[in-house]
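Asker: Residue numbers (the working numbering): 2 to 367. C-beta: ideal position from N, C-alpha, C; glycine also. Just so you know, these numbers come straight off a predicted model, no measurement behind them. Quick one: the structure is below, and I'll ask about it shortly.
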Amino acid sequence: MSGVIGRNAFSVCLLFVQVGSVTLAQDSTTYRVTFDSIWSAATHPVDWPGGVAHYSGLIGGTHNATATFWELGGIATSGIEAMAEFGSKVGLENEVKAAIAAGTAGSVISGGGLGTTPGSVSVEFTATQEFPLASIVSMIAPSPDWFVGTNGLDLRSGDGWAGKIVHELDPYDAGTDSGLTFRSLNADTQPAEVIHSLSDVFPFQNTGPLGTFTFLRLIDGDFNETGTLDAADIDALGAAIRNGLSDARFDLNNDDAVTAADRNVLVNELLNTYAGDSNLDGEFNSSDLTKIFQASQYEDGISGNSSWETGDWNGDEEFETSDLVYAFAEGGYERGRRAAVGVPEPSSFVTALLAMLLLLVRARRS
């Protein structure tokens, strides 16, 4: 379709939630990309195609910076043209496979489409250090040659993998068909024009994005799906244990039961820290004690109001003496980061410190 290039196609919203403890030393990681479409008569009323509105199946791949499957200002490949005009995945899939054979791409990403909109669909894939970029597209249908997608989206953040990325989806024109409306008859564009944004032109002007691609890094223990492990995940597991849930997501040690042993796996292995590390900086030290006592929830008589961050280290929703005993008994106090030492036994110093602390706490209560 001929037309003026709309707003800068790179003006998308990217929300990063980093996984600070996991660096690219981990060669590969798994993501789930979820396509959430809001496209409807209410959000994009101009020339709305009615009940036949849908999207073709997701198609693309992981790759490095050498490979480019489509880009703004570039001419569409035959695979992009077939996807944008007919919703076909075959041509682009073959282009990704050719890039894999050439050593510039890692894997094909192929998922379902949306038969109706609004709606959502997801697909999982693996990214690697060698191929950390993701290009994924889907045809806006019916349409002449319009589509949504990402071009070389970098899944890295700093020296680690991004935990969560939300990418807003603007409409693009592949430049291979000159139709002007959703239901236009085929009108081959010769010569082909460059791929360009339709955000500020008919029928998408003044309407905003059509939806989002949300890339979520899949991590054991990330129960609240933020793409990182945090105190909320510890609290969620504690609730699952208290409520007797059997959901396999919470069974981190794969023993077909959700128990305190799974909590130990989350804290000691996945978060690589100790009970007592209320601020989750990888150490149990005086800063954690300061934090919990400043929260003023120690044996406050209010049922169920405490969390990991405010002193509930044994998962019963209370901050009591038993939490202090539990944490100090694990032996991590002032031992530094867990990765630097083995699992210690509590020293006589720590035992004495615990006794002193309990005396202070009781004195504080009185």
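Can you tell which of Phe216, Ser121, Val266 and Asp28 has its C-alpha closest to the C-alpha of Leu238?
Answerer: Residue Val266 is the option with its Cα nearest to Leu238.
Asker: Helix, strand or coil for Tyr275, going by three-state DSSP, please let me know.
Answerer: In the structure shown, Tyr275 sits in coil (DSSP, three-state: anything other than H, G, I, E or B).
Asker: Suppose you measure from the CA of Thr260 to the CA of Ser200; what does that come to, to the nearest Å?
Answerer: For Thr260 and Ser200, the distance between alpha carbons rounds to 51 Å.
Asker: Classify Trp40 as buried or exposed, calling it buried when 16 or more other Cβ atoms lie within 10 Å of its own Cβ.
Answerer: By the neighbour-count rule (16 or more Cβ atoms within 10 Å), Trp40 is buried.
Asker: What is the rounded straight-line gap between the Cα of Asn273 and the Cα of Leu290?
Answerer: Going from the Cα of Asn273 to the Cα of Leu290 covers about 19 Å.
Asker: For Glu72, collect the residues of the same chain with a Cβ closer than 6 Å to its Cβ; drop the 5 residues on either side in sequence, then sort them by chain order.
Answerer: Counting only Cβ-Cβ distances below 6 Å, and skipping sequence neighbours, we find Asn152.
Asker: Using the beta-carbon count (16 or more within 10 Å), is Phe251 buried or exposed?
Answerer: Answer is buried; the Cβ neighbour count reaches 16.
Asker: Quick one: what's got a C-beta closer than 8 Å to Ile242's C-beta in the same chain, skipping five residues either side?
Answerer: Only Phe251, Val259, Thr260, Ala261, Asp263, Arg264 and Gly316 meet the Cβ criterion.
Asker: Following the continuous alpha helix (DSSP H) through Leu134, name the residue where it begins and the one where it ends.
Answerer: Note, Leu134: premise wrong, no alpha helix (DSSP H); beta strand (DSSP E) at Leu134 to Ala142.
Asker: Pull up the distance between the alpha-carbon of Ile166 and that of Pro210, whole angstroms please.
Answerer: The straight-line gap from Cα to Cα measures roughly 16 Å.
Asker: Let me know the secondary structure DSSP gives Phe224 once reduced to three states.
Answerer: Of the three classes helix, strand and coil, the one that applies to Phe224 here is coil, per DSSP.
Asker: Whether or not the region 139-159 and the region 59-73 are in contact is what I'm after, with contact meaning three or more pairs of Cβ atoms, one per stretch, closer than 8 Å; do they touch?
Answerer: Taking 8 Å as the limit for Cβ pairs, the verdict is that the region 139-159 does touch the region 59-73.
Asker: Out of Gly176, Val195, Ile196 and His197, which one is the CA nearest neighbour of Asn187?
Answerer: Among Gly176, Val195, Ile196 and His197, the Cα nearest to that of Asn187 is on Gly176.
Asker: Suppose the cutoff is 6 Å on Cβ atoms and the five residues either side in sequence are ignored; what does the same chain contact list for Leu110 look like?
Answerer: The identity of residue 110 in the sequence shown is Ile, whereas the question assumes Leu. Closer than 6 Å at the Cβ level, and outside the excluded window around Ile110, lie Gly61, Gly62, Phe126 and Ile137.
Asker: What do you reckon, are the CB atoms on Gln295 and Ser307 nearer than 7 Å?
Answerer: No; because the gap between Cβ atoms is not below 7 Å, this pair is not in contact.
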